[in-house]
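Trainee: Chains as they are written, first to last, in the working numbering: chain A, 1 to 291; chain B, 1 to 262. No residue lacks a Cβ here, since even glycine has one placed at the ideal position from N, Cα and C. Quick one: the structure is below, questions incoming.
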């Protein structure tokens with residue numbers, strides 16, 4: 001085959017049709033469905049993460065959940081019961097979300113210090129438990145960077161429930177969440193239970209991280225909570241539109257990343273993250289040049 | 001009218017009671033033994049140097065901060081259990097300059113206490129938001145991004161937001177810090193109207209000593225200690241006592257006061 005534009009088009013068509021043939025494989029179909037559902041969560045929850053400036057808190061929660069995953073593997077190995085790593089992650093993520101939230105509210109510690117410490121304690125616990133549990137090295141990489149081959153039907157059901165929960169919560173409490181994000185003190189004075197809504201937001205973030213763990217992994221998950229919403233927030237000043245644009249961008253990042261990971265046979269989590277990262281950097285540079 | 005009197009009876013005559021409020025941060029006193037009583041319909045101006053604890057005192061009255069010692073009662077209740085009846089206008093510099101929200105949604109936020117579990121604002125909420133925006137002459141900016149406005153414009157939007165709350169007590173933290181003389185006058189006129197016609201209790205923190213003494217009934221000076229003589233007279237001694245060594249401010253103040261007198 002000669003290197004002609006026409007033949008390269010054939011090559012691309014081949015790749016795309018090959019990609020769609022892949023959909024017949026269950027795991028790839030699962031990955032696509034998960035990617036679609038995930039993009040809704042990334043778009044909506046990510047918008048709050050960006051505008052409320054809780055990126056660092058969210059990343060802290062994600063990393064802290066590693067401790068719970070390690071603990072679940074450890075207990076499953078040494079006890080007769082089997083613990084789902086997601087359950088362990090959920091327990092650690094929720095405790096750290098509420099812990100960080102209350103600590104920053106009550107001002108008992110400097111907020112960023114508290115987040116940094118909870119972050120590394122979770123990672124240290126996870127690393128320790130994984131070392132104490134023989135034969136789980138691959139599992140550790142899977143939870144850190146994600147592995148679409150590990151996605152089960154149960155994961156998709158759980159993620160669907162999360163999507164419905166997020167949509168209903170945002171529909172019902174849109175104004176409260178907007179008020180708490182924009183001006184917490186005024187919202188409190190006006191009668192909004194701001195501590196509740198702040199913790200509610202962190203709990204949604206925590207659950208989103210846990211349910212998307214197998215898809216992109218705890219280290220990479222924050223990229224998809226921030227990059228699409230950050231670009232979207234430059235395109236509109238209306239939170240609802242930012243959510244919509246952010247969802248569309250997330251969908252492009254996820255599907256584009258999955259396609260590229262298939263073409264180059266790269267791991268999906270890092271590929272999705274880097275694909276999004278290139279678009280994000282290009283967008284940021286373009287804005288910089290224009291300003 | 002009967003309805004109005006009934007409401008007054010229910011709320012009582014004492015709008016605000018502060019007894020022995022004390023707050024320290026590290027080794028520094030922020031507020032020292034603050035005592036203050038306001039009746040319903042009082043209009044109090046608080047002056048004092050930067051770092052004198054003015055904003056902190058407002059936040060304690062709002063129940064956003066708890067004092068180390070002492071008690072605060074708003075119509076006989078703790079501020080944190082009396083939400084929606086006290087509103088405030090914060091300084092416009094407190095806001096995230098990139099937050100995506102337009103003027104209309106900022107003002108509607110004033111009705112959020114009445115939203116309850118409803119996902120949408122009612123027609124009445126929107127009517128009142130529109131009216132408040134017209135009152136501060138910001139209606140034509142209603143679709144503008146809040147952060148794109150000038151400081152003075154933001155200040156007026158925040159004022160409209162506080163108005164749609166329909167509070168009994170209104171607290172304002174330097175609402176005229178970055179507005180021109182014309183807007184300054186209309187802001188004070190608006191507050192005067194709220195105070196005189198609607199019997200609202202108002203506490204205003206400001207550096208505009210000149211304006212304060214011509215609009216406000218009572219003036220207190222705050223510089224960790226609250227010096228309050230109960231009358232509207234703002235004496236040079238009071239200002240000197242509270243501002244301490246900030247001679248520039250005092251000199252400036254004297255000029256303003258002379259201008260007001262003449």
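Could you spell out the range, first to last residue, of the beta strand (DSSP E) harbouring residue 39 of chain B?
Mentor: The residue you call residue 39 of chain B lines up with position 39 of the second chain. Here the beta strand (DSSP E) through residue 39 of chain B covers 28 to 39.
Trainee: Taking only three categories from DSSP, how would you classify residue 115 of chain B?
Mentor: Taking the second chain and counting its residues from 1, one reaches residue 115 of chain B at position 115. In the structure shown, residue 115 of chain B sits in coil (DSSP, three-state: anything other than H, G, I, E or B).
Trainee: For a minimum of 3 consecutive residues, which ranges assigned as the beta strand (DSSP E) are wholly contained in the stretch 87 to 159 of chain A?
Mentor: none
Trainee: For residue 260 of chain A, collect the residues of the same chain with a Cβ closer than 8 Å to its Cβ; drop the 5 residues on either side in sequence, then sort them by chain order.
Mentor: One-based indexing of the first chain puts residue 260 of chain A at position 260. Only 266, 271 and 275 meet the Cβ criterion.
Trainee: Could you compute how far the alpha carbon of residue 254 of chain B sits from the alpha carbon of residue 175 of chain B?
Mentor: Residue 254 of chain B sits at position 254 when you count from the first residue of the second chain. Residue 175 of chain B sits at position 175 when you count from the first residue of the second chain. Here the model assigns residue 254 of chain B a pLDDT of 42, short of 50, so the residue's position is not dependable and the matter cannot be decided.
Trainee: Among B:207, B:121 and B:216, which residue has its Cα nearest to the Cα of residue 51 of chain B?
Mentor: Reading the second chain from its first residue, position 51 is the one you call residue 51 of chain B. Among B:207, B:121 and B:216, the Cα nearest to that of residue 51 of chain B is on B:207.
Trainee: Please check if any C-beta of chain A sits within less than 8 Å of the C-beta of residue 255 of chain B.
Mentor: Working through the second chain from its first residue, we reach residue 255 of chain B at position 255. For residue 255 of chain B, the predicted model reports a pLDDT of 43, less than 50, meaning its position is unreliable; a value from the coordinates is still stated below. Not closer than 8 Å to any Cβ of chain A, the Cβ of residue 255 of chain B fails to qualify, so no.
Trainee: Quick one: does residue 62 of chain B have its CB under 8 Å from some CB of chain C?
Mentor: Among the protein chains in the structure shown, which are A and B, there is no chain C.
Trainee: Give the residues of chain A in contact with residue 103 of chain B, contact being defined as C-beta atoms less than 9 Å apart.
Mentor: Numbered from its first residue, the second chain carries residue 103 of chain B at position 103. Those within 9 Å of residue 103 of chain B in chain A number zero; the least Cβ separation is about 11 Å.
Trainee: So residue 214 of chain A is in the beta strand (DSSP E); what residue range does that whole segment cover?
Mentor: Taking the first residue of the first chain as 1, we reach residue 214 of chain A at position 214. Bounds of any beta strand (DSSP E) do not take in residue 214 of chain A; it lies within the alpha helix (DSSP H) bounded by 213 to 216.
Trainee: With 8 Å set as the bound, which would you pick, yes or no: does the beta-carbon of residue 237 of chain A sit closer than that to a beta-carbon of chain B?
Mentor: Here residue 237 of chain A refers to the residue found at position 237 of the first chain. Closer than 8 Å: yes.
Trainee: Checking contacts by CB at 8 Å: is residue 159 of chain B closer than that to chain A?
Mentor: Taking the first residue of the second chain as 1, we reach residue 159 of chain B at position 159. Chain A contact via Cβ: absent.
Trainee: With distances taken between CB atoms, is the gap from residue 250 of chain A to residue 39 of chain A smaller than 8 Å?
Mentor: Position 250 of the first chain, counting from 1, holds the residue named residue 250 of chain A. Position 39 of the first chain, counting from 1, holds the residue named residue 39 of chain A. Result yes, Cβ atoms of residue 250 of chain A and residue 39 of chain A sit closer than 8 Å.
Trainee: Would residue 233 of chain A count as contacting chain B if we go by Cβ distances under 8 Å?
Mentor: As a first step, residue 233 of chain A must be located in the first chain, where it is residue number 233. Judged by the 8 Å Cβ criterion, residue 233 of chain A is in contact with chain B.
Trainee: On a Cα-Cα basis, can you pick out the residue from B:57, B:189 and B:196 that is closest to residue 221 of chain B?
Mentor: Working through the second chain from its first residue, we reach residue 221 of chain B at position 221. If we check each option's Cα against that of residue 221 of chain B, B:57 comes out closest.
Trainee: Beta carbons nearer than 9 Å to chain B: which residues of the stretch 185 to 208 of chain A have them?
Mentor: 185, 186, 187, 188, 189, 190, 191 and 192
Trainee: Just to confirm my understanding: we take residue 30 of chain B, look at its own chain, exclude 5 residues before and 5 after, and list those with CB closer than 8 Å. What are they?
Mentor: If you number the second chain from 1, residue 30 of chain B lands on position 30. Same-chain partners within the cutoff: 23, 24, 53, 56 and 224.
Trainee: With distances taken between CB atoms, is the gap from residue 223 of chain A to residue 246 of chain A smaller than 8 Å?
Mentor: The residue you call residue 223 of chain A lines up with position 223 of the first chain. The residue you call residue 246 of chain A lines up with position 246 of the first chain. Cβ distance not < 8 Å, so residue 223 of chain A and residue 246 of chain A don't count as in contact.
Trainee: Under 8 Å by Cβ, that's how I've got residue 73 of chain B and residue 17 of chain B pegged, so tell me the actual separation to the nearest angstrom.
Mentor: As a first step, residue 73 of chain B is located in the second chain; it is residue number 73 there, counting from the start. As a first step, residue 17 of chain B is located in the second chain; it is residue number 17 there, counting from the start. Right, their Cβ atoms sit about 4 Å apart.
Trainee: Leaving aside the five residues before and after residue 255 of chain A along the sequence, list all residues of the same chain whose C-beta is less than 7 Å from its C-beta, in chain order.
Mentor: Indexing the first chain from 1 puts residue 255 of chain A at position 255. Taken in chain order, the residues that qualify are 35.
Trainee: Looking at the structure shown, is residue 339 of chain B part of a helix, part of a strand, or coil, going by DSSP?
Mentor: For chain B, the structure presents residues 1 to 262; residue 339 of chain B sits outside this window and is missing.
Trainee: Using a beta-carbon distance cut-off of less than 9 Å, what residues from the stretch 160 to 180 of chain A approach chain B?
Mentor: 171, 172, 173, 174, 175, 176, 178 and 179
Trainee: Report the residues of the stretch 28 to 58 of chain A with a CB closer than 8 Å to any CB of chain B, ordered along the chain.
Mentor: 51 and 53
Trainee: Check the DSSP bridge columns for residue 28 of chain A and list the partner residues they point to.
Mentor: Position 28 of the first chain, counted from the start, is the residue given in the question as residue 28 of chain A. Beta-bridge pairing links residue 28 of chain A to no other residue.
Trainee: Can you check which of these residues, B:33, B:87, B:27 and B:14, is closest to residue 161 of chain B by C-alpha distance?
Mentor: Looking up residue 161 of chain B in the second chain gives position 161. Answer by Cα proximity: B:87.
Trainee: So is the beta-carbon of residue 225 of chain A under 7 Å away from any non-hydrogen atom of the ligand ZN?
Mentor: The model on display carries no ligand, and the ligand ZN is accordingly not part of it.
Trainee: So the candidates are A:264, A:208, A:205 and A:199; which of them puts its Cα closest to the Cα of residue 101 of chain A?
Mentor: Position 101 of the first chain, counted from the first residue, corresponds to residue 101 of chain A. The option with the nearest alpha carbon to residue 101 of chain A is A:199.
Trainee: Looking only at DSSP bridge pairs, what is residue 223 of chain B linked to?
Mentor: As a working mapping, residue 223 of chain B is identified with position 223 in the second chain. Residue pairing by DSSP puts residue 223 of chain B in a beta bridge opposite B:225.
Trainee: If I'm right that residue 70 of chain B touches residue 20 of chain B with Cβ under 8 Å, what's the distance once you round it to whole angstroms?
Mentor: Here residue 70 of chain B refers to the residue found at position 70 of the second chain. Here residue 20 of chain B refers to the residue found at position 20 of the second chain. Going by Cβ atoms, the distance from residue 70 of chain B to residue 20 of chain B rounds to 4 Å, so yes, they are a contact pair.
Trainee: Quick one: which chain A residues come within Cβ less than 7 Å of residue 145 of chain B?
Mentor: The residue labelled residue 145 of chain B in the question sits at position 145 within the second chain. Here the neighbours are 237.
Trainee: Look up residue 121 of chain B in the DSSP assignment and say whether it is helix, strand or coil.
Mentor: Along the second chain, one-based indexing puts residue 121 of chain B at 121. The answer is coil: DSSP assigns residue 121 of chain B none of H, G, I, E or B.
Trainee: Checking 8 Å against the spacing of the C-beta atoms, do residue 90 of chain B and residue 173 of chain B come in under that value?
Mentor: Residue numbering aside, residue 90 of chain B sits at position 90 when the second chain is read from its first letter. Residue numbering aside, residue 173 of chain B sits at position 173 when the second chain is read from its first letter. Yes, Cβ-Cβ distance for residue 90 of chain B and residue 173 of chain B is below 8 Å.
Trainee: Tell me the residue span of the beta strand (DSSP E) that contains residue 86 of chain B.
Mentor: For the purposes of this step, residue 86 of chain B is taken as the residue at position 86 of the second chain. 86 to 89 is the extent of the beta strand (DSSP E) around residue 86 of chain B.
Trainee: Just curious, the alpha helix (DSSP H) that residue 256 of chain A is in, first and last residue?
Mentor: Along the first chain, one-based indexing puts residue 256 of chain A at 256. It spans 239 to 264 - the alpha helix (DSSP H) in which residue 256 of chain A sits, taken as one unbroken run.
Trainee: Residue 134 of chain A to residue 26 of chain A, Cα distance in whole Å?
Mentor: Taking the first chain and counting its residues from 1, one reaches residue 134 of chain A at position 134. Taking the first chain and counting its residues from 1, one reaches residue 26 of chain A at position 26. Distance between the alpha carbons of residue 134 of chain A and residue 26 of chain A is about 30 Å.
Trainee: Quick one: what's residue 72 of chain B bridged to in DSSP?
Mentor: Here residue 72 of chain B refers to the residue found at position 72 of the second chain. In DSSP, residue 72 of chain B forms a bridge with B:18.
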